[in-house]
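Residue numbers (the numbering used here): 5 to 407.
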């Protein structure tokens, strides 16, 4: 009787633990994340961005491969981000086509500038412009300068940077834009634009040291680390802000992260890590996919790679992050490997009406959007830096910085 009771108890626990494994902790699958695999994937993504450009310098915004239709929508923030990624490709992949295409995208931006006071504002309707689009335009210009050594846009960089400081409030938050009609900052804030603008100012400080851009960037970073999530009523903080991850990497290189920012870096890395782990469980088994839901967009997963890579850079300059350095490497390479595996190949693309808008892209529900390629591309090239133990982000180090 005791033997039978013991066997029933053992059987119960086997079933219970097996059920727990299936419902709570599905297995993870991270794919392959070596330099060659990620390099090939990044090249394919860059080539998609190059092929997606329209004659006027804009890009295919959203493509449905199942219906062979393009969305009529457009977004200047994502335009600026794609131009930025192409300048990254020009420098990191030594890709002259990427430079040419990015310059066409930059011309579109220049054609949509409004100048007022001593700054320039990217605007598509002449009534106002968003802080985020201007921040990413500035990032793109810093990438171009780094990749080529060409300083012809230095004046424009200063004009756009002055716009960012014009919308930077005393508390370190940014206005979401400038109202040209009222000639004043737009009210409110933006979850996205805060990090984008902070990062843009850190890169401006790297390109033009001694001009005070670092002071503005530090004020904005302090706000992100200490108050932004509360002010924005983020339900489960910290908000997964890859731009803040980039900013932490740059400020750490200056040697200036505060204790509050170190704490924020730990929490942000944990947030990204949780998202990656969930995605890996979707990939790991049929029941993981069933329990964790459908795959994330390329744009979403790509931002996790970017954010983790930025915090990894910070860990290379600040030993207060040593305790999470290895876990960051594991999670970054995991999600990068997953995304490389999910990318559409040339063979898969031939099954569709417009293979040029399929090959090299990431789809969900038959749809890809320009930022799916942009974010994932950037994440992949910065994961390669992790694999090569390279903490310097710039392509040709034109800013005169060293590890």
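The C-beta atom is built at its ideal place from N, Cα and C for all residues, glycine as well.
Since the structure is predicted, the reported quantities are computational estimates derived from the model, not experimental observations.
- Bounds of the alpha helix (DSSP H) holding residue 86 are 80-96.
- About 5 Å separates the CB atoms of residue 151 and residue 94; that is less than 8 Å, so the two are in contact.
- Note on the stretch 306-377: whole beta strand (DSSP E) runs with a minimum of 3 residues are 371-373, in chain order.
- For residue 126, the uninterrupted beta strand (DSSP E) run begins and ends at 123-126, by DSSP.
- When the beta-carbon positions are compared, residue 303 and residue 369 stay at least 7 Å from each other.
- The continuous alpha helix (DSSP H) containing residue 257 extends over residues 246-258.
- Considering only 250, 360, 112, the residue with the shortest C-alpha distance to residue 315 is 250.
- Residue 146 sits buried, since 16 or more C-beta atoms from the chains shown fall within 10 Å of its C-beta.
- According to the DSSP secondary-structure assignment, residue 68 is paired through a beta bridge with 73, 371.
- The alpha carbon of residue 91 has as its nearest neighbour, out of 80, 78, 270, 141, the alpha carbon of 141.
- Between residue 287 and residue 383, the gap from beta carbon to beta carbon reaches 7 Å or more.
- Residue pairing of residue 133 in beta bridges, as defined by DSSP: 182.
- Assignment of alpha helix (DSSP H) within the stretch 205-239, counting only whole runs of 4 or more residues, yields 217-227 in chain order.
- Here DSSP, grouped into helix, strand and coil, assigns residue 188 to strand.
- Note: residue 139 is not bridge-paired with any residue in the DSSP secondary-structure output.
- Residue 39 sits exposed, since fewer than 16 C-beta atoms from the chains shown fall within 10 Å of its C-beta.
- Residue pairing from DSSP places residue 57 in a beta bridge opposite 63.
- Between the stretch 345-359 and the stretch 267-285, the count of C-beta pairs closer than 8 Å stays below three; the two stretches do not touch.
- DSSP places residue 37 in the coil class of the three-state scheme, outside both helix and strand.
- Pairing residue 99 with residue 119, the inter-Cα distance amounts to about 32 Å.
- If you look at residue 117, you'll find it isn't in any alpha helix (DSSP H); it sits in the beta strand (DSSP E) that goes 117-120.
- Setting aside the 5 residues that flank it on each side, residue 181 is surrounded in the same chain by 132, 133, 134, 135, 190, each with a C-beta closer than 6 Å to its C-beta; the list follows chain order.
- The three-state secondary structure of residue 278, taken from DSSP, is helix.
- Per DSSP, the continuous alpha helix (DSSP H) segment holding residue 168 begins and ends at 158-170.
- Between the alpha carbons of residue 332 and residue 273 lies a gap of roughly 7 Å.
- Comparing C-alpha distances from residue 261 to each of 281, 207, 318, 244 shows the shortest one belongs to 318.
- Check the Cα spacing between residue 265 and each of 106, 285, 232: the tightest is with 232.
- By the criterion of a C-beta distance shorter than 8 Å, residue 122 is surrounded in its chain by 163, 166, once the five residues flanking it on both sides are discounted.
- The continuous alpha helix (DSSP H) containing residue 103 extends over residues 100-114.
- DSSP places residue 261 outside both helix and strand once states are collapsed to three, so it counts as coil.
- Sequence-distant partners of residue 236 (beyond 5 residues in either direction) whose C-beta falls short of 8 Å from its own C-beta, in its chain, are 193, 195, 243.
- A Cβ-Cβ contact shorter than 7 Å links residue 89 with residue 381.
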